[in-house]
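For the sequence shown, this note's numbering assigns the number 780 to the initial residue and increments by one for each residue that follows.
The structure under discussion appears below in the form of structure tokens.
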Amino acid sequence: MSDTERRFQYYGRRKGKALRPHHARLIAELLPQLQFDPAKFVSPSQPLRLEIGFGGGEHLAHQALLHPDTQFIGAEPFVNGVAKLLALIEAKKIGNIAVHAGDVREVFELLPDGALECIYVLYPDPWPKARHLRRRMISQDNLRQFHRLLKPGGLLLFASDIEHYVQWTLFETRKAGGFTWTAESASDWRTPFSDWIVTRYEAKAKREGRVSSYLTFRRDS
């Protein structure tokens, strides 16, 4: 365990069902090749985006294919999700994604100020119990990091189907300062982002009658 890992207490699962042989091979062979290394990956000449908790990797792979001249970092501690992303990278021959198979706070420490043009926080764990609220990704500590890491004018994109978490995010972001919610009409927060892809999780939420919200915050100059 690294010194960084000792400083951070991680909540949630790291592994689910046993990996299929193909996925196990990708974890063993492909992941080390794609593991995020700022010395090799962060280039001032290319835009850089970060997705926090990419789940099965559908959105991250979609964005990387849409924007081949942009570099992406995906952080996800759940091994099964990492394996799914690796399978997409292999199948679609994606070459602009680096992967951090662990807590995103470890990535924060490796990135310089103003390194990112965009941060995605999409359908994060809502931690609905009151005693667990401090575990939420949208927190004052993390918002300070987001503000440090985003370029002036950079975007924080948040999506959730949990209404209480949406309200929490609006409150916490306003409390933190340094961000402007870009909504201009009542329908804006129900409208998916312009280059959005419906993931399996979101499709399931819709089938179960849950309504998603999409919040865009701009990092102030």
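From the three backbone atoms N, C-alpha and C, an ideal C-beta is built for every residue, glycine too.
Keep in mind it's a predicted model, so treat the numbers as computed, not measured.
Next on the checklist: Only counting the same chain, and skipping five residues up and downstream in sequence, which positions put a Cβ closer than 6 Å to that of V886?
Outcome noted: The beta carbon of V886 lies closer than 6 Å to those of A854, H879 in the same chain, with the five residues before and after it left out.
Item to check | Limits of the beta strand (DSSP E) - the one that R989 falls within | outcome: Careful: R989 lies outside any beta strand (DSSP E) and carries neither H nor E.
Checklist entry - Sorted by chain position, which residues of the same chain lie with C-beta nearer than 8 Å to F1002's C-beta, five sequence neighbours on each side aside? => result The question about residue 1002 has no answer here: the residues shown for the chain are numbered 780 through 1000.
Checklist entry - Which residue comes first and which comes last in the alpha helix (DSSP H) that contains A854? => result From DSSP, A854 is part of no alpha helix (DSSP H) but of the beta strand (DSSP E) over 850-854.
Next on the checklist: One question on the structure: do M916 and G860 come within less than 8 Å of each other, judged by their Cβ atoms?
Outcome noted: no
Next on the checklist: Based on DSSP bridge pairs, tell me the residues matched to Q919.
Outcome noted: Beta-bridge pairing links Q919 to no other residue.
Item to check | Buried or exposed (CB count within 10 angstroms, at least 16 for buried), D999 | outcome: exposed
Checklist entry - What did DSSP end up calling R828 once you bin it into helix, strand or coil? => result Residue state, collapsed to three classes: strand.
Checklist entry - Is R799 helix, strand or coil when you go by DSSP? => result It is coil, neither helix nor strand.
Checklist entry - What first and last residue would you give for the beta strand (DSSP E) that runs through P971? => result Taken as a continuous stretch (DSSP letters only), P971 belongs to no beta strand (DSSP E), as it is neither H nor E.
Checklist entry - Is there contact here, the stretch 799-807 with the stretch 860-874, by at least three beta-carbon pairs under 8 Å? => result Because the criterion of three Cβ pairs below 8 Å is met, the stretch 799-807 and the stretch 860-874 touch.
Next on the checklist: According to DSSP, W960 sits in a beta bridge with which residue or residues?
Outcome noted: F996
Next on the checklist: I'd like to confirm the pairing. Which residues does DSSP put opposite H879 in its beta bridges?
Outcome noted: A854
Checklist entry - What is the residue span of the alpha helix (DSSP H) that E837 lies within? => result 837-845
Checklist entry - Any chance the stretch 932-948 sits against the stretch 981-998, with 3 or more Cβ pairs inside 8 Å? => result yes
Next on the checklist: Please return the same chain residues whose Cβ sits closer than 6 Å to the Cβ of G881, not counting the five positions on each side in sequence.
Outcome noted: P856
Checklist entry - From what residue to what residue does the alpha helix (DSSP H) around A938 run? => result No alpha helix (DSSP H) contains A938, which is instead part of the beta strand (DSSP E) from 929-939.
Next on the checklist: How far does the beta strand (DSSP E) with E895 in it extend, from its first residue to its last?
Outcome noted: Here residue 895 turns out to be Leu, not Glu, going by the sequence shown. Taken as a continuous stretch (DSSP letters only), the beta strand (DSSP E) holding L895 covers 895-901.
Checklist entry - Does the Cβ of K983 have 16 or more other Cβ atoms within 10 Å, making it buried, or fewer, making it exposed? => result Around the Cβ of K983, a 10 Å sphere holds fewer than 16 other Cβ atoms; the residue is exposed.
Checklist entry - Can you tell which of T948, R884, L890 has its C-alpha closest to the C-alpha of K819? => result L890
Checklist entry - So W960 packs on F996, CB below 8 Å; how close in whole Å? => result 6 Å
Checklist entry - By a C-beta neighbour count over all protein chains shown, 10 Å radius and 16 as the cutoff for buried, is K863 buried or exposed? => result buried
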